[in-house]
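Engineer: All residue numbers for the sequence shown refer to our numbering, where the first residue is 105 and numbers rise by one. Think of the CB as a built atom: it goes at the ideal place given N, C-alpha and C, for glycine as much as any other residue. Take this structure, written in structure tokens, and hold onto it; I'll ask about it next.
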Amino acid sequence: MDFSLGEPQRLLVNLARAFLREHCPPELVQQLALDPRGFSDDLWKRMSALGWPGLLVPGSFGGSEGTLLDVVLLVEEMGRACLPSPFIHSSVVATSLIVDAGSRRQQSAFLPSLALGDRLMTLALTEEAAGFHPDDVALKGEPGGRLSGRKLFVKDAHLADHVIVVARGSGGFNLFVIDSGRSGVTLAPMPNISGDKLFEVDLNEVAVTDDDLLGGAGRGWDALAPALRLGALARAAEMVGCAQRALELSVEYAKVRVQSGRPIGSFQAIQHHCADLLRDVEGARSMVHVAAWNVHEAQSGAETFVAMAKAHAGAACLRVARKAHQILGAISYCEEHPLHLFHKRILTAAQDFGDAGVHLETVAQAIGLV
């Protein structure tokens, strides 16, 4: 099995790295982390001009007709730059839901503008339990009825034109695509250490119709499960990119930081640390790429490969961030140094779309342990 990149993929990676180096420097990331909006419209427009939001959109709807492998490679570069954007939740998760589960009318209404980056969507799933399991959803809703309740930790809800709300119906789960400005929808920010813009979405007697329903009545979770896997895989790729940059910062510092008259990189202990970082980064990257190939090829057991990749990447990339702090020492704990940005992003991404416990449970079921 050959996992080397093809020429189009190499071009995508090189273009993304050069673009993000120029347009998303650490200074901008620091600035946006303190900005209540946490988002650069100009940067998003530039990304949209490159066709990135439309990677998963079919060409018939104005998309780039890219593959999941392209998305994983691109998101890894975004992680390496610690890019603050709604790409994963809007252009991967929400877009894949519209592509796979939307009616022809919904696809025609939403996909062209999603592909152009003119429309943003987000998913409102988690509630009090903050879990991604069906049992964690308490909000009830039927087509033709009203939604009352709240969703928590909704990413970039303040930017989204539409929110895809997961509700429990009498015959199964329902997905509703709701205009974020609809009567009864209110947002409240949820502060967190990472700088991610998370929101509580309060729904007060929000009317929903058959036209809002995505994927058919009672069949919402069947449509949602593949999208959640894509979200988990994308965030795993983002963690790999963050860890890759932490590795680079550590090696660069070890070459120039002088102690006892020589660079600290000449000491065996630091060399061992750097070798550990490389092992964790490459191991996590390999697992993410294997999982992406399995999903792309619709292989049996692809869900298990995604679960392994997400669980392993969360642990491995967190080790990289922590050990990088040890190598760089006090400077890396200062707000002016970018390492803390990557560390916080890894912590957040490891929880999103299921933490290690959730995904290890999937692996345990697959091999017959439970």
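Using only the alpha-carbon positions, how far apart do residue 379 and residue 344 sit?
Structural biologist: Looking at the two C-alpha atoms, the distance is approximately 16 Å.
Engineer: Would you mind stating whether residue 341 and residue 392 have Cβ atoms separated by less than 8 Å?
Structural biologist: Yes, the pair counts as a contact, with Cβ atoms nearer than the cut-off.
Engineer: With C-beta atoms as the reference, is residue 318 less than 8 Å away from residue 279?
Structural biologist: The answer is yes: Cβ separation under 8 Å.
Engineer: Per DSSP, which one or two residues make a beta bridge with residue 55?
Structural biologist: Since the first residue of the chain shown is 105 and the last is 474, residue 55 is not available in this structure.
Engineer: Do you know how far the Cα of residue 143 is from the Cα of residue 449?
Structural biologist: In a straight line, the C-alpha of residue 449 is about 15 Å away from that of residue 143.
Engineer: Name the DSSP bridge partner or partners of residue 267?
Structural biologist: In DSSP, residue 267 forms a bridge with 226 and 282.
Engineer: In the segment 389-457, which residue ranges form an unbroken beta strand (DSSP E) of at least 3 residues, counting only runs that do not cross its ends?
Structural biologist: Correct list: empty.
Engineer: Out of curiosity, what's the CA-to-CA distance linking residue 361 and residue 435?
Structural biologist: So the alpha carbons of these two residues sit roughly 11 Å apart.
Engineer: For a test of the three-state rule: what should DSSP assign to residue 276, helix, strand or coil?
Structural biologist: Residue 276 falls in the strand class under three-state DSSP.
Engineer: Give a yes or no on contact between the segment 124-139 and the segment 193-211, applying the rule of three or more CB pairs nearer than 8 Å.
Structural biologist: Touching, no, given that fewer than three Cβ pairs across the two stretches are closer than 8 Å.
Engineer: Smallest Cα separation from residue 173: which of 112, 145 and 131?
Structural biologist: Residue 112 is the option with its Cα nearest to residue 173.
Engineer: Please state whether the Cβ-Cβ distance between residue 443 and residue 382 is less than 8 Å.
Structural biologist: Not a contact, by the Cβ cut-off of 8 Å.
Engineer: Just to confirm the assignment, what range does the alpha helix (DSSP H) spanning residue 199 have?
Structural biologist: Where residue 199 is concerned, the enclosing alpha helix (DSSP H) stretches over 199-205.
Engineer: Helix, strand or coil: how does DSSP classify residue 290 here?
Structural biologist: Residue state, collapsed to three classes: strand.
Engineer: Looking only at C-alpha atoms, which of 181, 137 and 169 sits nearest to residue 114?
Structural biologist: The residue with the shortest Cα to Cα distance from residue 114 is 181.
Engineer: Span of the alpha helix (DSSP H) holding residue 147?
Structural biologist: It spans 145-153 - the alpha helix (DSSP H) in which residue 147 sits, taken as one unbroken run.
Engineer: Would you identify the three-state DSSP class for residue 371, choosing helix, strand or coil?
Structural biologist: Of the three classes helix, strand and coil, the one that applies to residue 371 here is coil, per DSSP.
Engineer: Take the Cβ of residue 414 as the centre, count every other Cβ of all protein chains shown within 10 Å, and call the residue buried at 16 or more, exposed below.
Structural biologist: Answer is buried; the Cβ neighbour count reaches 16.
Engineer: Would you check if the distance between the CB atom of residue 288 and the CB atom of residue 310 is smaller than 8 Å?
Structural biologist: Yes, Cβ-Cβ distance for residue 288 and residue 310 is below 8 Å.
Engineer: Does the segment 223-235 come within contact of the segment 246-263, defined as at least 3 CB pairs closer than 8 Å?
Structural biologist: A contact exists between the segment 223-235 and the segment 246-263.
Engineer: Are the beta-carbon atoms of residue 470 and residue 447 separated by less than 8 Å?
Structural biologist: Result no, Cβ atoms of residue 470 and residue 447 do not sit closer than 8 Å.
Engineer: Tell me whether the beta-carbon of residue 452 lies closer than 8 Å to the beta-carbon of residue 260.
Structural biologist: Not closer than 8 Å, so no.
Engineer: Note the first and the last residue of the continuous alpha helix (DSSP H) segment covering residue 174.
Structural biologist: First-last of the alpha helix (DSSP H) with residue 174: 172-185.
Engineer: Kindly indicate if chain D contains any beta-carbon less than 8 Å away from that of residue 148.
Structural biologist: The structure shown contains no chain D; it holds only a single protein chain.
Engineer: Does the beta-carbon of residue 474 have 16 or more other beta-carbons within 10 angstroms, so that it is buried, or is it exposed?
Structural biologist: It counts as exposed.
Engineer: Can the beta-carbon of residue 215 be found less than 8 Å from the beta-carbon of residue 167?
Structural biologist: Against a cut-off of 8 Å, the Cβ pair of residue 167 and residue 215 comes out as a contact.
Engineer: Can you tell me which of 440, 421, 416 and 441 puts its alpha carbon nearest to the alpha carbon of residue 466?
Structural biologist: For residue 466, the nearest C-alpha among the options comes from 416.
Engineer: Give me the Cα-Cα distance between residue 117 and residue 138, rounded to the nearest whole angstrom.
Structural biologist: Taking the straight line joining both Cα atoms gives about 29 Å.
Engineer: Report all residues from its chain with a CB closer than 8 Å to the CB of residue 337; omit the five preceding and five following residues, and keep chain order.
Structural biologist: Result list for residue 337: 172, 176, 392, 395, 396, 399, 410, 413 and 414, in chain order.
Engineer: Please look up how many angstroms separate the CB atoms of residue 305 and residue 291, rounded, as I've assumed it's under 8 Å.
Structural biologist: Confirmed, about 6 Å.
Engineer: Mind checking whether residue 312 and residue 249 have CB atoms under 8 Å apart?
Structural biologist: Yes, Cβ-Cβ distance for residue 312 and residue 249 is below 8 Å.
Engineer: Using the three-state DSSP reduction, which class does residue 257 fall into: helix, strand or coil?
Structural biologist: Here residue 257 sits in strand by DSSP.
Engineer: Residue 447: beta carbon under 7 Å from a heavy atom of the ligand GTP?
Structural biologist: As presented, the structure is devoid of all ligands, the ligand GTP included, so that no description of it is given.
Engineer: Label residue 192 either buried or exposed according to how many other C-beta atoms from any shown protein chain fall within 10 Å of its C-beta, with 16 as the threshold for buried.
Structural biologist: It is buried - the Cβ of residue 192 has at least 16 other Cβ atoms within 10 Å.
Engineer: DSSP state of residue 306, grouped into three classes?
Structural biologist: Reduced to three states, the DSSP call for residue 306 is strand.
Engineer: DSSP three-state label for residue 318, please.
Structural biologist: The answer is strand: DSSP assigns residue 318 an E or B state.
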